[in-house]
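Asks: Residue numbers (the working numbering), protein chains in the order written: chain A, 440 to 1173; chain B, 1102 to 1289.
The beta carbon of each residue, even a glycine, is placed where N, CA and C say it ideally should be.
Okay, here's the thing in structure tokens:
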């Protein structure tokens, strides 16, 4: 094709698409939920640094900056962006995790960049169903959340956004070209922390790999003026604002001093106190430096402690003239210590007893025992020794104290939760189901795990109208030996791709498992592949004709490669399969259901909201609840004037039809859509157990207004609708 | 000069205030330069093209009052750049991102053996618009910036705030989906 023809074809592209493209602002794009793949080396190093250094304990609120304006809080019945209800409140820990709480759940997630970034633990803190244990769910999240203990932030490459409980994003910080690492790709650059210093001043941490290590950097930033005061290598311990709010303290390794900086003079740096060799666990808080030491001696200091006195906690007032070292907490404590803002936590392991205690700084002689257990009740003899000296992470969230156990206990407990009444609960994940691998099976599937069970007769599953059988166990890439540094790319020009026969696939699967089978597939055919986005998992399937095809799960969805006999190679078939559902009973999917649909325009543009959304309503009460949750977000009155082409009745107008009696024999499927033009219309074409299909009728010339629609779809009560019900959109020109 | 809205800029044109040109240059100069450079492959030619485009804009507003100012300007830039390129290179392929973009997509739009004269550009444009309407916004933006705007991968990635690898993969998948669509409509 010559350039002239090409230019002519492209010149015919619609003006509104051109306008959309040329005015596109990537800084305001919605999160398309791209899972970030991190190099495994970064994960381990970052985690260990964060755990060793982290004394970000929840503390009293600092002076609030004048620029802050809090959005209205969610009520307890309103859903937040994590799927729970009510306002999300963040809490920091002594280590590398944050905890969020709403009216329903606690959510705990790591801060450090790793594959675990995308998994969080969730539990109901008031759950009493299981005696002294609470089952935690491990759920995936699309959100890389950070917190300064007061607000939540969402990190995305070079940007930080404030995120409220509804998931609405507000720009907060953008890394500039002056900052080290700016030119790195989003796979390498990662925000790891936000700390509110005082007023509008924040410390923002980010990291990126450098040769064999990870470099930590810290930006001192004013959120009101967007001034970056400094962007330099970070110390392991967080800075602290001075008591008068004019600057901040920070440990300067190169100088070997605690230094004082000024917010108004970027060149000002005063060496305040030397960091001595026998100081450990340094923590700055206000004008005070806390540390632990088992030996303090200095000709310049009044206070001396001999080495026989054991580990102690000490404090220095950096504003005092004499800078005496003052003891805090109980003397001669064995430790290890975990220094909080007003409390020291300590762990003791001896005489068969494992104890966690706390001491208040202002009441050093009063030790409170928080938790005590006979060691052999939680751990067997092999693990007991490992429990000594292992770093714990304490998180205090209102009336709850949560800390991890140094090793998972014999009852599978991983964490301990202590409430205000000193009631203790063990937090644990549900035990995995019994492994049913055998000669004729290929894994198992549960609600929690992604391992799939295929019974000997095979479970018939459908994807895109193809009957097929899953051949190999499905495993997440980070659970396998998949090397994340190897990327796979479909090469269309390859003329001699490998082919895996059914028998050979079974042989490999039985002998090695999924990952090895994938490597064998590649090696046997010498398939040279390169994938330019994050690959999560690859599955090899057979269809009912016995032909294999490959599903590759990556960051954008599921790609589908079918083997073509004629060309003897895999062809890239579809880049995204709308949905794949699993029917564990082996029943074939149901036939289309009868339905009727109304199309109601309900304008209400909000950034950060994802569409389409679907909600199944089975009672008048549920409908009323839906209305109350959404009536402030969308216009439920009528649109346009009666008789006009654009007229639709209001959502409220049609609600009177849906009475309690109506819901005795019917149910509603509500689909919420957004279009970039009010001229787009819709037509529901199919309703099945698993999905509703909506055709978008897109005219060639349309208005340039955003439009939100509620599709109100009625169907019979006895039509079974799946818990994973989805919306499929198809487009068609009018 | 602070960033004006498109409506404010158009008003300056109507008032015959030459600040309109400065405002246009400030807001859209970089993008238009990229579009022109992508087609012409030369910084000097691109700059001349941009100057010509601003003159043409000055001449056409008024009487035109475009609803979509950015698209109106971009189309002018692109058309002038294509005309300039055609005058310089006739039917031969020269430099510029347009060559790379064309080589990426030509087999998607037409079978390699299809004679040039039989390519129905209008039908393909219509089908292309229908296809673009089915895409998520960001995917559509990436496609249009590449194959209409002839921006480089790096420029698109920066504009959209995404990685270059994601840009490339998005384009690959979209081209393949477009090919399937055109085959389904028997236009290929």
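#1: Counting only Cβ pairs nearer than 7 Å, list the residues of chain B close to residue 463 of chain A.
#2: With a 10 Å radius around its C-beta and 16 neighbouring C-beta atoms as the bar for buried, classify residue 381 of chain A as buried or exposed.
#3: Measuring only the C-alpha atoms, how far is residue 1238 of chain B from residue 1155 of chain A?
#4: Taking residue 1150 of chain B and residue 1181 of chain B to be in contact with their CB atoms under 8 Å, please state how far apart those CB atoms are, rounded to whole angstroms.
#5: Is residue 1124 of chain B helix, strand or coil by DSSP?
#6: In terms of alpha-carbon separation, which member of A/527, A/526, A/547 lies closest to residue 534 of chain A?
#7: Determine, using beta carbons only, whether residue 460 of chain A comes closer than 8 Å to chain B.
#8: Looking only at its own chain, which residues have a Cβ that is under 6 Å from the Cβ of residue 1211 of chain B, when we skip the five neighbours before and after it?
#9: Within 10 angstroms of its Cβ, does residue 531 of chain A collect 16 or more other Cβ (buried), or is it exposed?
#10: Just list the residues that DSSP pairs residue 691 of chain A with in beta bridges.
#11: Out of curiosity, what's the CA-to-CA distance linking residue 578 of chain A and residue 563 of chain A?
#12: Sort out for me which residues DSSP pairs residue 531 of chain A with in a bridge.
#13: Whose Cβ in chain A lies nearer than 9 Å to the Cβ of residue 1183 of chain B?
#14: Please determine, among A/672, A/688, A/615, the residue with the shortest C-alpha to C-alpha distance to residue 636 of chain A.
#15: To the nearest angstrom, how far is it from the Cα of residue 1197 of chain B to the Cα of residue 1136 of chain B?
#16: How far does the beta strand (DSSP E) with residue 1200 of chain B in it extend, from its first residue to its last?
#17: Give a yes or no on whether the minimum CB-CB distance between residue 1230 of chain B and chain A is below 8 Å.
#18: Tell me where the alpha helix (DSSP H) around residue 589 of chain A begins and ends.
#19: Chain B partners of residue 546 of chain A, CB-CB under 7 Å?
#20: Just to confirm, is the Cβ distance from residue 857 of chain A to residue 840 of chain A under 8 Å?
#21: I want to see whether chain A comes within less than 8 Å of residue 1169 of chain B, judged by CB atoms only; does it?
#22: What are the residues of the region 1132-1158 of chain B that lie near chain A, defined by any Cβ-Cβ distance shorter than 7 Å?
#23: If you reduce the DSSP assignment to three classes, tell me which class residue 727 of chain A lands in.
#24: With 8 Å set as the bound, which would you pick, yes or no: does the beta-carbon of residue 972 of chain A sit closer than that to a beta-carbon of chain B?
#25: Can you pull the chain B neighbours of residue 454 of chain A, defined as C-beta to C-beta under 7 Å?
#26: Within 10 angstroms of its Cβ, does residue 1136 of chain A collect 16 or more other Cβ (buried), or is it exposed?
#27: What would DSSP say about residue 1261 of chain B, mapped onto helix, strand or coil?
#28: Going straight from the alpha carbon of residue 542 of chain A to that of residue 667 of chain A, what length do you get?
#29: Is the CB-CB distance between residue 1128 of chain A and residue 1160 of chain A below 8 Å?
#30: Counting contacts by CB-CB distance shorter than 8 Å, is residue 697 of chain A in contact with chain B?
#31: So is residue 1238 of chain B in contact with chain A if we call contact Cβ pairs under 8 Å?
#32: Any idea if residue 1115 of chain B is buried or exposed, counting beta-carbon neighbours within 10 angstroms, 16 or more meaning buried?
#33: Using 8 Å as the cut-off, can you tell me whether the region 638-648 of chain A makes contact with the region 674-691 of chain A, which would need three or more C-beta pairs spanning the two stretches below that distance?
#34: Using the beta-carbon of each residue, which ones in chain A are nearer than 8 Å to residue 1222 of chain B?
#35: Taking the beta strand (DSSP E) that residue 1101 of chain A belongs to, which residues open and close that run?
#36: Can you tell me which of the three DSSP states residue 465 of chain A falls into?
Replies: Short version:
#1: Position 24 of the first chain, counting from 1, holds the residue named residue 463 of chain A. Within chain B, the residues near residue 463 of chain A are 1242, 1260, 1261.
#2: This structure leaves residue 381 of chain A out entirely; chain A is present only between 440 and 1173.
#3: Position 137 of the second chain, counted from the first residue, corresponds to residue 1238 of chain B. Position 716 of the first chain, counted from the first residue, corresponds to residue 1155 of chain A. Residue 1238 of chain B and residue 1155 of chain A: Cα-Cα distance of roughly 35 Å.
#4: To locate residue 1150 of chain B, count along the second chain from 1; it is residue 49. To locate residue 1181 of chain B, count along the second chain from 1; it is residue 80. Correct: roughly 5 Å between the Cβ atoms.
#5: One-based indexing of the second chain puts residue 1124 of chain B at position 23. Here residue 1124 of chain B sits in helix by DSSP.
#6: Position 95 of the first chain, counted from the start, is the residue given in the question as residue 534 of chain A. Residue A/547 is the option with its Cα nearest to residue 534 of chain A.
#7: The count along the first chain starts at 1 and reaches residue 460 of chain A at position 21. So yes, residue 460 of chain A belongs to the interface.
#8: Counting from 1 along the second chain, the entry for residue 1211 of chain B is found at position 110. Excluding sequence neighbours, residue 1211 of chain B sits near 1220.
#9: As a first step, residue 531 of chain A is located in the first chain; it is residue number 92 there, counting from the start. Classification of residue 531 of chain A: buried, given that the 10 Å Cβ count is 16 or more.
#10: On the first chain, position 252 is the one that residue 691 of chain A refers to. Looking at the DSSP assignment, residue 691 of chain A forms a beta bridge with A/696.
#11: For this step, residue 578 of chain A is matched to residue 139 along the first chain. For this step, residue 563 of chain A is matched to residue 124 along the first chain. Cα to Cα, residue 578 of chain A sits roughly 14 Å from residue 563 of chain A.
#12: Stepping through the first chain from its first residue, residue 531 of chain A is reached at position 92. Its beta-bridge partners are A/537.
#13: One-based indexing of the second chain puts residue 1183 of chain B at position 82. Simply 442, 443, 446, 450.
#14: Along the first chain, read from residue 1 onward, the residue named residue 636 of chain A stands at position 197. Of the listed residues, the one whose Cα sits closest to residue 636 of chain A is A/688.
#15: Here residue 1197 of chain B refers to the residue found at position 96 of the second chain. Here residue 1136 of chain B refers to the residue found at position 35 of the second chain. Looking at the two C-alpha atoms, the distance is approximately 10 Å.
#16: Start at 1 with the first residue of the second chain, and residue 1200 of chain B comes out as number 99. Per DSSP, residue 1200 of chain B belongs to no beta strand (DSSP E); it is in the alpha helix (DSSP H), 1198-1210.
#17: For this step, residue 1230 of chain B is matched to residue 129 along the second chain. Judged by the 8 Å Cβ criterion, residue 1230 of chain B is in contact with chain A.
#18: Stepping through the first chain from its first residue, residue 589 of chain A is reached at position 150. Taken as a continuous stretch (DSSP letters only), residue 589 of chain A belongs to no alpha helix (DSSP H), as it is neither H nor E.
#19: Taking the first residue of the first chain as 1, we reach residue 546 of chain A at position 107. Those do not exist, as residue 546 of chain A stays about 27 Å from chain B at its closest Cβ, beyond 7 Å.
#20: Position 418 of the first chain holds residue 857 of chain A. Position 401 of the first chain holds residue 840 of chain A. Cβ atoms of residue 857 of chain A and residue 840 of chain A: closer than 8 Å.
#21: Residue mapping note: residue 1169 of chain B aligns to position 68 of the second chain, counting from 1. Closer than 8 Å to some Cβ of chain A, the Cβ of residue 1169 of chain B qualifies, so yes.
#22: 1132
#23: The sequence position of residue 727 of chain A within the first chain is 288, counting from 1. Looking at residue 727 of chain A - three-state DSSP - the assignment turns out to be strand.
#24: Position 533 of the first chain, counted from the first residue, corresponds to residue 972 of chain A. Any reading at residue 972 of chain A needs caution, since the residue's pLDDT is 36, under 50, leaving its predicted position unreliable; the model's value is listed next. True, the Cβ-Cβ gap to chain B drops below 8 Å.
#25: The residue you call residue 454 of chain A lines up with position 15 of the first chain. What residue 454 of chain A touches in chain B: 1169, 1172.
#26: Position 697 of the first chain, counting from 1, holds the residue named residue 1136 of chain A. Exposed is the call here.
#27: Along the second chain, read from residue 1 onward, the residue named residue 1261 of chain B stands at position 160. Residue 1261 of chain B falls in the helix class under three-state DSSP.
#28: As a first step, residue 542 of chain A is located in the first chain; it is residue number 103 there, counting from the start. As a first step, residue 667 of chain A is located in the first chain; it is residue number 228 there, counting from the start. Going from the Cα of residue 542 of chain A to the Cα of residue 667 of chain A covers about 37 Å.
#29: In the first chain, counting from the first residue as 1, residue 1128 of chain A sits at position 689. In the first chain, counting from the first residue as 1, residue 1160 of chain A sits at position 721. The answer is yes: Cβ separation under 8 Å.
#30: For the purposes of this step, residue 697 of chain A is taken as the residue at position 258 of the first chain. False, the Cβ-Cβ gap to chain B never drops below 8 Å.
#31: Counted from its first residue, the second chain places residue 1238 of chain B at position 137. Taking Cβ atoms only, chain A reaches closer than 8 Å to residue 1238 of chain B, which makes this a yes.
#32: Taking the second chain and counting its residues from 1, one reaches residue 1115 of chain B at position 14. Classification for residue 1115 of chain B: exposed.
#33: yes
#34: Counting from one through the second chain, the residue named residue 1222 of chain B turns up at place 121. Here the neighbours are 444, 447, 448, 451.
#35: By one-based count along the first chain, residue 1101 of chain A stands at place 662. No beta strand (DSSP E) holds residue 1101 of chain A; the alpha helix (DSSP H) holding it covers 1099-1104.
#36: Here residue 465 of chain A refers to the residue found at position 26 of the first chain. The answer is helix: DSSP assigns residue 465 of chain A an H, G or I state.
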